[in-house]
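Residue numbers (my numbering), protein chains in the order written: chain A, 35 to 353; chain B, 35 to 353; chain C, 101 to 385; chain D, 101 to 385. Think of the CB as a built atom: it goes at the ideal place given N, C-alpha and C, for glycine as much as any other residue. A quick write-up on the structure given underneath.
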Amino acid sequence: MKEKNNTQAPETDLGADLCGIKLKNPTVLASGVLGISKDLLARVVEAGAGALTIKSVTTSRREGHDNPTVIACEAGMLNAVGYSNPGAKAAAEEFSNVELLQVPVFASVVGRVPEEFAAAAQHIMKCRFRAIEIPLSCPHTPGYGTLAGHGSPEATERITRAVCDVTDRPVFVKLSPNVPAIGELALAALEGGASGITAVNSMGPGMLIDIEARRPVLSFGFGGVSGPALRAVALRCVYDIYKATRDAGHEAPIIGTGGISCGEDAMQMIMAGASAVGVGTAVYQRGVEVFGLISRELREICLRLDIKKLKDMTGAVHG
Amino acid sequence: MKEKNNTQAPETDLGADLCGIKLKNPTVLASGVLGISKDLLARVVEAGAGALTIKSVTTSRREGHDNPTVIACEAGMLNAVGYSNPGAKAAAEEFSNVELLQVPVFASVVGRVPEEFAAAAQHIMKCRFRAIEIPLSCPHTPGYGTLAGHGSPEATERITRAVCDVTDRPVFVKLSPNVPAIGELALAALEGGASGITAVNSMGPGMLIDIEARRPVLSFGFGGVSGPALRAVALRCVYDIYKATRDAGHEAPIIGTGGISCGEDAMQMIMAGASAVGVGTAVYQRGVEVFGLISRELREICLRLDIKKLKDMTGAVHG
Amino acid sequence: MDESIQNPGACAAPAGKLNFQPSLPVMVKLAEKRCETQNTVSLLFEHPSEDKASFRPLQNAPGQFVMVWLPELNEKPFVISYISDTGFGITVTVRGNFSRRLSELQIGQKVGFRGPFGRGFSGMEDYAPEKIAILGGGCGMASLALLAQKIPEANIIQGAPSSSELLYAERFPRQIIFTEDGSFGFSGRPTQWLEGKLSGGVEMLYTCGPEIMMKKVVSLCNANGIRCQAALERYMKCGIGVCGQCECDGRLVCRDGPVFSDSELQQMPSFGNTRRNAAGQRIKL
Amino acid sequence: MDESIQNPGACAAPAGKLNFQPSLPVMVKLAEKRCETQNTVSLLFEHPSEDKASFRPLQNAPGQFVMVWLPELNEKPFVISYISDTGFGITVTVRGNFSRRLSELQIGQKVGFRGPFGRGFSGMEDYAPEKIAILGGGCGMASLALLAQKIPEANIIQGAPSSSELLYAERFPRQIIFTEDGSFGFSGRPTQWLEGKLSGGVEMLYTCGPEIMMKKVVSLCNANGIRCQAALERYMKCGIGVCGQCECDGRLVCRDGPVFSDSELQQMPSFGNTRRNAAGQRIKL
Ligand SMILES: Cc1cc2nc3c(=O)[nH]c(=O)nc-3n(C[C@H](O)[C@H](O)[C@H](O)COP(=O)(O)OP(=O)(O)OC[C@H]3O[C@@H](n4cnc5c(N)ncnc54)[C@H](O)[C@@H]3O)c2cc1C
Ligand SMILES: Cc1cc2nc3c(=O)[nH]c(=O)nc-3n(C[C@H](O)[C@H](O)[C@H](O)COP(=O)(O)OP(=O)(O)OC[C@H]3O[C@@H](n4cnc5c(N)ncnc54)[C@H](O)[C@@H]3O)c2cc1C
Ligand SMILES: Cc1cc2nc3c(=O)[nH]c(=O)nc-3n(C[C@H](O)[C@H](O)[C@H](O)COP(=O)(O)O)c2cc1C
Ligand SMILES: Cc1cc2nc3c(=O)[nH]c(=O)nc-3n(C[C@H](O)[C@H](O)[C@H](O)COP(=O)(O)O)c2cc1C
Ligand code: FES
Ligand code: FES
C-alpha cells in the first residue's frame, strides 16, 4: 500500500527472491543494526525494508565491549560492539511471534565452536525466522569470527554444516571481505550446506587514534570498518562470489552488504551479483527512512534505465 | 628557509630518521603518485615533502592497463594503473643525478620473480637513490604483488633477500593491508634483510560499476582502494607492525601510508608507530601543496600539545 | 504538538550521496569543579579550541545529550547543564565506577566529548513563560537546567529526598522545592505540586527525574489537561541511532529522544516499567 | 599575467578534512552527429538528466577538457567544442582506434564523461575583443571553439592543409583562413598572420594546434610583444593530477594546464620538443 503511494512507475517490480523467500523490495536490515527488539524491527518494516536480520546472538548473555563501541569517521564507521546480546534463550522470547511482522525476518547466531553455533541456532530457530545467518567474519571479538579462524574454508564448511544439521530453514553464511579468495570461502559454505551467502561483514579491522588522549578511540582498540569506506571492496567481493559460484554451477543468492546508502549503490551491488542488499551504516547517514528511500531511488533508476524487473539485473555486469 | 617562514613554533622539530636517512619533515611522496620524472620530483620537493619515492619500475617497459585507470569515488580512490613505466634502464636515465634534489629519494621496483626484482634493482640503483622500496602488494596487476602471491611470508622473505643481495642501501618492503597477520609479513621482510617497512599499499581490490554501461568503471575491472577509505585500516596495520616488530626486538622504521591528508591524520599514524608518513591520494584532494600543508598542521598540533620533537611521538599509543 | 518536536535524527535525505558526519570525541580540558551536593559535582570546561563538527556544545538544545569519554575506561551519556560563551559544563552524580572516576578528575585533565545528540525539549515558544512548568527530580534537574536558564519566569519545581541533595538551589532562586524529609521548602514530593491546586493555569510541563516519578507526573498532566514532555534515560552504546541498545518500544532514546511527548509516551508501555541493560536484556525499572 | 590564470587544481586547502570529490563518468546519450571534415565529426549530447558533481559541462571554461569513456575500450581526453543550454558537443578527429570508435557511434548510444578538468584560457576580460587573436591549427580549433564563440569580435585565424580539412568554417564566418595548398583563404600557414603586419594592434593571443606550430606562434608573439597562451596535449591517464603521466617539465598538463602562458612556456624546454608515451617514456614530438 504504502509502497504503491511512493511509486513513480507502478509497473516496476522491485521484488527479490532469496531461496524461495519473497521480498517486496531488495533492502535487508543488516545484522547488528537496530535489530535488538521486535518493536524496532516493526519500525524498520514501517520504514520500508524488504527483509530484516536480527542482531547476532550467542548461547549465553554477553555485555560486549566497553564504550566507545561505535564511531563514525570521515569515510565510514568503525565498530567493536563485541556481540552484546541477552543470550539465545532471552532472544527467542524477545522474538516470539516474529512471523507476525509483515516481512521475512532472518535470525543471526554466532559461537566460538561449531557446537555453540548449533546450540544457539537450535534455541533461536524455535521462533519462526525464515532463515538463519551465520557470520564467520567478525573482525573484533576474541573467540569469534576472523579472530578465531572462522574465515578459513575448512572452518566455514564445518560450522555451516553444524548449523544446517539443526535447522531445516535456509542458512546464509556471512563472509569477511578481508580474505584473499572470497570465492573459495563461498564455495566452502555451499559445500557445508548453505543456501545463500551474505557478503560482507565489516572490514579490516581499522583503528582511529585520539592524538590528545594518545589512545585508540574505540575501547577495544580496533573495530570493523563499514559504510562508504567499505563499498568498493564489498562490491568486488560480491562480484567474485557471484562469478565463483556460477562458474561452479551454483545458483545461491547473495545478500550484498557494505556501504549501500542509496538506490545507485544498491543497483551497482545487484549488478555485481546480489539478489538483495544489506543496509546497516546508512541508517546513521539517512535515518531508518533509508529503506524506503533506497526503494524509491531504485524505482526511479529502473524507470530511467527502462528496467521492468529489478531481479533481471542480478549479475548484469557479468553478461 | 621556506620551512622557517611557514613556521609558527620555530622550535618544533619535525625531523624524521629512516635507517639513518634524515628527513626534515616526515612527509614522503608515496610511490605511483607524480613520481615519474625528476622535474616532477623537484616540484614535490618545492611543495615541502620530506622525502620522495619514485613510481615503481620493472625490468622492461610497460604501458599498464587501459583507461580508466584512476577513479575517485565518494570515500576514496580506486586505481589500476598496472605499473606503466619506461623500464628500469630508461628510468635510470630519467633519474640520473637524483641526488641533486634537496631531499632523500627512494627507488621502487617490482618484478614477477625474485630475479626480476633483483635485476630491476640493479639497474635503478646505479642512480644515487638513498633507499629502495619493493612493493609486494599490488592488488591489480596480474603477475605482480598479491595477484602473484608475493604477499606470503615465504615470498616476502625470498624477494627481500634477492633485492638486499644486489644493493648496499636500505631496503623498504611495502606490504598489503589485505592480509590476516600483517605483523608476520613485516617480520618475514626483516628476516629477509629489509631495513624498514612501508605500510600500506592500496587495499582490496575494490570495484565500482557504472549502472548505465553495466560495466565496471575501471578498465581492468577492479583496482586498489586508497585515500580516506583506507585510513583506519592502514593505521591499524602500522599499529600491528610496530607491535610485532618491537615485540620481536626490531627497531625497523615504518613509513605509514594510507589516507593521510592532513596533520591530524599524520600524527595519528605516527602515534600508531610510523617514523614517516607516505602521502599519495591526498595530492588529489589538496594539490601538491599537501606536503607543506601537512607539515604546517603538524607544527600547529605539536605547539598545541606541547610536543618538542615529533620523533618522540612514534608509537606513543603503545606506551 | 508531536509534529512540532524537531527530530534532528530523521534527516531529510537528498537523493544520492550524503557526507559522512564524523562522531569522534573532541578532548577538552577541565577548567573548574563545582560541588553541587555530597555526591554530585559539576565539571566546567572551556569550549574546544578548534571547531570540529563532532562536538559543538553551543548547538546544544536543552534535553539533548553528549557522550563523555574517559580514555581507557568508558564513554557514557550526560547532559550539558551549564553553557556560556566561554564554556560549558556537566553535572555528575556518582552512581558507579564511571561517574566516580569522572567526579574525581583534576583541573587540567582532558575529557572527550561528542554530540550533542538526540532531540531536546521543544514547543516552549508556543506558551507564555508563566504557563510553563519545569519539574525535576534529583539528578534529573541537570537535564532541565538549561531550559530553566532559558525560561527563568517559568514555574520551576524540584524534588529531592532532603535539602542536602538539592541541585542548583541557588542557581534558580524562584524554584518551588519539595523535600521528602521536609528539610527545605515544601514537605513531600514534587508530584504534589500537580496534585494540589498549585499548578493552576500551567499548560505545558517539562520533566526529568526518576522514571517512576515521571510516569506519575505524566499521568497527572494527562488528567489535568496539561501537555508535557519527559526526558528518558536508557542504556546507550553508540549514541547515534545505530546499535539499537537504547531501544524503548521501538523508539531510539538516543535519536528519537531522549525527550518524548505525552502522546508518544502513551504508546510506550515500557515507560515507567522496563529498561534494557548492557546486554540488551529487558529488566524491571 | 601568470597570477591571473586561475588554477582550479591548486585548491586553497582548509585545515582538517576536505570532502572527497568523486570523478566518476556520467553516461550521456548521443543526440546528433555533425560531419565537420572527412576525418572529423562532432558529437552532440544532451546535458545529463541528473546533476552529478563529477560531470558539469556547463561549468566548462574554454581550454579545459573532459575525459570521454567508451566502456570496455578506453577513456581519453577531449575538449568541449559546443555548448548551449540544452546540450554540449565534442569534435573528434580520427587518429587511431579510440577516436575511430568514437566517431562511429550511433545516435542514442551512450558515452561516459567526467570533468571539466584543468585550467582553461584566461585573461580575455583584460583586453578589448579586437586586441585578441585566437589562432588554431587543424583539430586544435576544437579547443578554441568556445573561446571564439565567447569573443566573436576577436581576430580568429585558422590554418589547415587544405580547404577540406577546415573546421567550423561556417560557424565563425569572420575567420581569417590559411590553407597550405591555397584551396581556401590565404595561401600558407597561419603563422604568416603574425609574421606579416596583419596582427598589428593585437595584444593577447590564444592558440592551439600542432605543437611545432604553437612553438613558432609563441616565439613570434614573444618577439612582437604579444602576450599569449597555448593549450598543450600530453598523454593522459588519470586526468586529475595524480598519476603524473601528463608531466611536462614538472608541470601537470591535466591540472596545471592544458593551457600555459608565454612565461610558463619559456620555462618548459619540452614544449615543441618532447612528450611522453603511455609507458611514460620521453619521445621526440
Ligand atoms: C540521555 C542521558 C543523559 C544523562 N545525563 C546525566 C547527567 O547529566 N548526569 C548524570 O549524573 N547522569 C546522567 N545520565 C546517567 C549517566 O549516564 C549514568 O549515571 C552513568 O552512565 C553511570 O555510569 P557508572 O559507571 O558510574 O555507573 P554504573 O554502575 O555502570 O551504572 C549505574 C546506572 O547508570 C546507568 N548507566 C550505566 N551505563 C550507562 C550507559 N552507557 N548509558 C546509559 N545509562 C547508563 C544504568 O542505569 C545503570 O544502572 C544520563 C543518562 C542518559 C541516558
Ligand atoms: C587536453 C587534450 C584535449 C584533447 N582534445 C581533443 C579534441 O577535442 N578532439 C580530438 O580529436 N582530439 C583531442 N585530443 C586528442 C585525443 O585525446 C586523441 O586524439 C585520442 O586520445 C587518440 O586516441 P586514439 O586511440 O584514436 O589514437 P591512438 O592511436 O591511441 O593515438 C594517437 C595519438 O593520440 C594521442 N593520444 C592517445 N591516447 C591519448 C591519451 N590517453 N591522452 C592524450 N593523448 C592521447 C597520442 O598523441 C597518440 O600518439 C585531446 C588531447 C588532450 C591531451
Ligand atoms: C554497529 C554495528 C554492529 C554490527 N553488528 C553485527 C553483528 O552483530 N553481526 C553481524 O553479522 N554483523 C554485524 N555488523 C556488520 C553489518 O551487518 C554489515 O555487515 C556491515 O556493517 C557492512 O554493511 P554497512 O556498510 O551497510 O554497515 C555490525 C555493523 C555495525 C556498524
Ligand atoms: C594512482 C596510484 C598509483 C599507484 N602506484 C603505485 C606504484 O606504482 N607502486 C606502489 O608501490 N604503490 C602505488 N600506489 C599505492 C600508493 O603508493 C599508496 O601506498 C596507496 O595509495 C595508499 O596511500 P594514499 O591513501 O595516501 O594514496 C599507487 C596509488 C595510486 C593512487
Ligand atoms: S545508543 Fe541508541 S541506537 Fe545506539
Ligand atoms: S593525467 Fe595528469 S597527472 Fe594523471
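Backbone CA spacing between residue i and residue j [nearest angstrom]
| i | j | result |
| --- | --- | --- |
| D/R134 | A/M305 | 35 angstroms |
| C/S262 | C/G339 | 33 angstroms |
| C/A228 | C/Y306 | 14 angstroms |
| A/C107 | A/G257 | 12 angstroms |
| B/V351 | A/E246 | 10 angstroms |
| C/K231 | C/M224 | 10 angstroms |
| C/G236 | C/G259 | 6 angstroms |
| D/A131 | D/R195 | 23 angstroms |
| D/V179 | D/L332 | 12 angstroms |
| D/P177 | D/R334 | 9 angstroms |
| D/M368 | B/P211 | 40 angstroms |
| A/A263 | A/S130 | 36 angstroms |
| B/E298 | A/F151 | 42 angstroms |
| A/G261 | A/M111 | 6 angstroms |
| B/R361 | B/L170 | With chain B covering 35 to 353 only, the question about residue 361 of chain B has no answer from this structure. |
| A/C161 | A/A126 | 6 angstroms |
Coarse secondary structure for residue i, derived from DSSP in three states
| i | result |
| --- | --- |
| B/M237 | strand |
| C/T279 | strand |
| C/G238 | helix |
| B/D100 | coil |
| C/I326 | coil |
| B/D105 | The sequence given here has Ile at residue 105 of chain B, not Asp. Strand. |
| D/Q258 | strand |
| C/D102 | Here C/D102 scores only 37 on pLDDT, less than 50, and its place in the model is too uncertain to base an answer on. |
| B/E37 | Confidence is the limiting factor: at B/E37 the pLDDT is only 46, short of 50, which leaves the residue's position unreliable, though a coordinate-based value still follows. Three-state DSSP puts B/E37 in a helix. |
Proximity test, Cβ basis, 9 angstroms: residue i and chain B
| i | result |
| --- | --- |
| A/A266 | yes |
| D/L320 | no |
| D/N174 | yes |
| D/V342 | yes |
| D/M101 | Reliability fails at D/M101, whose pLDDT of 32 lies under 50, so the model's placement of it is uncertain and the value that follows must be treated cautiously. For D/M101, the answer is no, since every Cβ of chain B falls outside 9 angstroms of its Cβ. |
Neighbour flag for residue i against chain A, beta carbons, 9 angstroms
| i | result |
| --- | --- |
| B/N235 | no |
| C/Q345 | yes |
| C/Q106 | For C/Q106, the predicted model reports a pLDDT of 34, less than 50, meaning its position is unreliable; a value from the coordinates is still stated below. No, no contact with chain A. |
| B/I243 | yes |
| B/E298 | yes |
| B/I70 | no |
Within-9 angstroms CB hit, residue i to chain C
| i | result |
| --- | --- |
| A/A154 | no |
Please give the ranges of any beta strand (DSSP E) in the stretch 274–340 of chain B, keeping only runs that are unbroken, at least 3 residues long and fully inside the region. The qualifying runs are 288–291 and 310–313.
(request) Evaluate the contact criterion for the stretch 220–233 of chain B versus the stretch 310–325 of chain A: three or more CB pairs, one atom per stretch, below 8 angstroms. (result) Put simply, the stretch 220–233 of chain B does not touch the stretch 310–325 of chain A. Fewer than three CB pairs are less than 8 angstroms apart.
Fill in: Touching by the beta-carbon criterion (3+ pairs, under 8 angstroms), the stretch 188–208 of chain B and the stretch 224–241 of chain B
Yes: the two stretches touch, three or more of their Cβ pairs being nearer than 8 angstroms.
- Tell me, please, whether the stretch 44–59 of chain B touches the stretch 332–350 of chain A by the rule of three or more beta-carbon pairs shorter than 8 angstroms. Result no; under three Cβ-Cβ pairs closer than 8 angstroms.
| message | Does the structure place the stretch 325–340 of chain D close enough to the stretch 48–60 of chain B that three or more beta carbon pairs sit under 8 angstroms? | response | Contact between the stretch 48–60 of chain B and the stretch 325–340 of chain D is absent, with fewer than three C-beta pairs closer than 8 angstroms.
Review point. If you pair each beta-carbon of the stretch 310–319 of chain A with each one of the stretch 64–75 of chain B, do three or more pairs fall below 8 angstroms?
Key: No: fewer than three Cβ pairs fall under 8 angstroms.
Inspect the CB distances between the stretch 141–158 of chain C and the stretch 206–219 of chain C and report whether three or more fall short of 8 angstroms. Touching, yes, given that three or more Cβ pairs across the two stretches are closer than 8 angstroms.
- Task: May I ask you to verify whether the stretch 127–145 of chain A touches the stretch 73–92 of chain A, counting CB pairs closer than 8 angstroms and requiring at least 3?
- Result: Taking 8 angstroms as the limit for Cβ pairs, the verdict is that the stretch 73–92 of chain A does touch the stretch 127–145 of chain A.
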